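Take a look at the structure set out below.
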Amino acid sequence: MALSLGWHIILACFGVAFPAIIFVMHLRGIRKNDQVALDLAKKWAKVSAVLFAIGAVSGTVLSFEMGLLWPGLMGTYGDVLGLPFAFEGLAFFVEAIFLGIYLYGWGRIPPKRHVLMVLPMAVTGIIGTYCVLAVNAWMNVPTGFNVIDGEITDIQPWKVLFNAHAFSQFAHMWVAAYMVVGFSIAGVYAVGMLRGRRDRHHRLGFIVPFIFATIAAVIQPFVGHLLGLGLGERQPAKLAAFELAETTTDGPSPLRLGGVIIDGEVKGALDIPYLGSIISQNSLTKPVPGLDTIPIEDQPPINLTHLAFQSMVGIGTMLMLAVLVYWFMRWRGTDLIGNRWFLRGAAIAGPLAVVAMEAGWIATEVGRQPWIVYGVMRTTEAAGDYTSSLWLLYGASVVLYGGMTIGAAIILRSMARRWRAGEGDLPSPYGPKRATASKGEQR
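Residue numbers for the sequence shown follow my numbering, beginning at -11 and rising by one.
Below, the structure written as structure tokens:
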């Protein structure tokens, strides 16, 4: 499940953020009669179609895995989670429909109407992602049902869909998606500029997604801080693992950078006084609850949770500072796009954003262990017994995702080569064939 989710979530980010970036580029092309912007929007739409198709496959695999790998969860709480998953499926199909209309509408739909076809894609991408995040938020803060004599009763599906934790968790993921997609697209054009392609096509292809990534990188620390408020009450073991707090102090807790727990003692950490309490508790005096208050059987894998959390925060902070430096220098009259070291940094910003996002999900999911539904159902109770076939299923998943990764890379590189060779209008997959002109019409 970790392999499947970790792979699929990257594609999900493009489903959330890419349509909005395409819309802005297309709108710019219409309003300013900018053919370069229109060409970029058209090319990005075709890339989006490839990623959407691959995401459909991995999403289908995930839907099967929910039932196959977690029969205890779905058998017990399937009725509770049905509504969010149903809306997510509907959003996916609507997004697919409008993606098709947008792809095949070039030259067939009036320009001002055509650009509006992107908006339903953007909205349904957000709705689908929200529904999935609502389920995950429910797993962290379960609500909307009662358990009577071991039976799930009084199900309130709307309360599950709009649980109090869903909006803040969705906001954190939504902003992360714009960081991943914005930095990734900008990085592609940064690599092109490093190879000498400094034309307007590459500069515009860089700056528009970079602006989206900048906004996301600047606000993400604040969104993450809001998400973390109250974690000490909701999931004290997770907070203790995040902060590597082995004991509850009498006074304010320090912020621990790095370090691991070995034999119950913290090794190799750098402590910054007071900052742990300020960041996690919004207090100068309130300590972080320590692991000594949590039974051993209810503690998550501490070192993995701590290092994943700090990797997310560290990379996110670094990206925020990098974009602030860029815009400060630009305000001072120096455009760093011409600087090769800046372009190298921009090229790796996309992969770093992906690492930060994956690390954040590791921190969230591993930090909730040993619970799959916090305080209600343990992961061991939810998982199926596949002693004889689990490795076979895992091997098949590795082959499937490896094949899709290689296939996507081959297709996208082929498209890029053909575009650079001057083929500006690559055929869309399964698109309607244009009628061939007769000899008389050609004359």
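C-beta: ideal position from N, C-alpha, C; glycine also. No experiment lies behind these values; they were computed from the predicted model shown.
Compare the Cα-Cα distances from residue i to each of the options and report the closest residue.
i: Leu219; options: Leu(-7), Val68, Ser268 and Thr367; result: Ser268
i: Ala397; options: Val364, Ile42 and Gly63; result: Ile42
i: Leu400; options: Ala0, Asp27, Val38 and Ile18; result: Val38
i: Val361; options: Tyr382, Lys100 and Pro130; result: Pro130
i: Val148; options: Val68, Arg183 and Leu15; result: Val68
i: Asp373; options: Lys34, Gly55, Ala33 and Trp(-5); result: Gly55
i: Arg191; options: Leu28, Ile249 and Thr273; result: Leu28
i: Phe297; options: Tyr262, Val364 and Pro209; result: Pro209
i: Trp(-5); options: Asp280, Leu227, Leu57 and Ala44; result: Ala44
i: Leu245; options: Asp259, His189, Gly252 and Asp251; result: Asp259
i: Phe150; options: Ile282, Pro72, Arg188 and Thr141; result: Pro72
i: Leu107; options: Met392, Phe75, Arg188 and His14; result: His14
i: Thr204; options: Ala341, Gly355, Asn327 and Gly60; result: In the sequence under discussion, the amino acid at residue 204 is Ala, which differs from the Thr named in the question. Nearest option by C-alpha distance: Ala341.
i: Cys119; options: His153, Met105 and Phe133; result: His153
i: Trp407; options: Lys30, Arg16, Ile9 and Met(-11); result: Lys30
Count the other C-beta atoms from every protein chain shown that fall within 10 angstroms of the C-beta of residue i, then say buried if there are 16 or more, exposed otherwise.
i: Leu312; result: exposed
i: Phe2; result: buried
i: Phe11; result: buried
i: Leu380; result: exposed
i: Phe158; result: buried
i: Ala79; result: buried
i: Ile(-3); result: buried
i: Lys100; result: exposed
i: Val103; result: buried
i: Phe316; result: exposed
i: Ala423; result: The pLDDT assigned to Ala423 is 46, lower than 50, so where the model puts this residue is not dependable, and the model offers no usable value.
i: Leu26; result: buried
i: Pro420; result: A caution first: Pro420 carries a pLDDT of 47, below 50, which makes its placement in the model unreliable, though a value can still be read off. It counts as exposed.
i: Gln23; result: exposed
i: Lys20; result: exposed
i: Lys255; result: exposed
i: Phe52; result: exposed
i: Val135; result: exposed
i: Ser265; result: buried
i: Ala74; result: exposed
Short check: CB of residue i to CB of residue j, under 9 Å?
i: Pro288; j: Ala334; result: no
i: Met109; j: Pro197; result: no
i: Leu324; j: Arg318; result: yes
i: Met306; j: Met345; result: no
i: Thr236; j: Val276; result: yes
i: Val49; j: Leu388; result: yes
i: Thr117; j: Val4; result: yes
i: Glu234; j: Gly278; result: yes
i: Leu(-9); j: Val386; result: yes
When you measure from the CB of residue i to every non-hydrogen atom of the ligand MG, does any distance come out below 8 Å?
i: Met62; result: Among the components modelled here there is no ligand, and therefore nothing to report on the ligand MG.
Touching by the beta-carbon criterion (3+ pairs, under 8 Å), the region 89 to 102 and the region 152 to 168: Cβ pair count under 8 Å is below three, so no.
Cβ contact check for the region 281 to 296 and the region 346 to 360: 3 or more pairs under 8 Å: Contact between the region 281 to 296 and the region 346 to 360 is present: three or more C-beta pairs spanning the two stretches fall below 8 Å.
4 or more residues per run - each alpha helix (DSSP H) lying fully within the region 64 to 126: Segments of the alpha helix (DSSP H) lying fully in the region 64 to 126: 99 to 102.
The region 169 to 183 in contact with the region 195 to 212 per 3-pair CB rule at 8 Å: Segments in contact, yes.
Secondary structure, beta strand (DSSP E): runs of 3+ residues fully inside the region 213 to 283: 243 to 245, 248 to 250, 253 to 255 and 258 to 260, all fully within the region 213 to 283.
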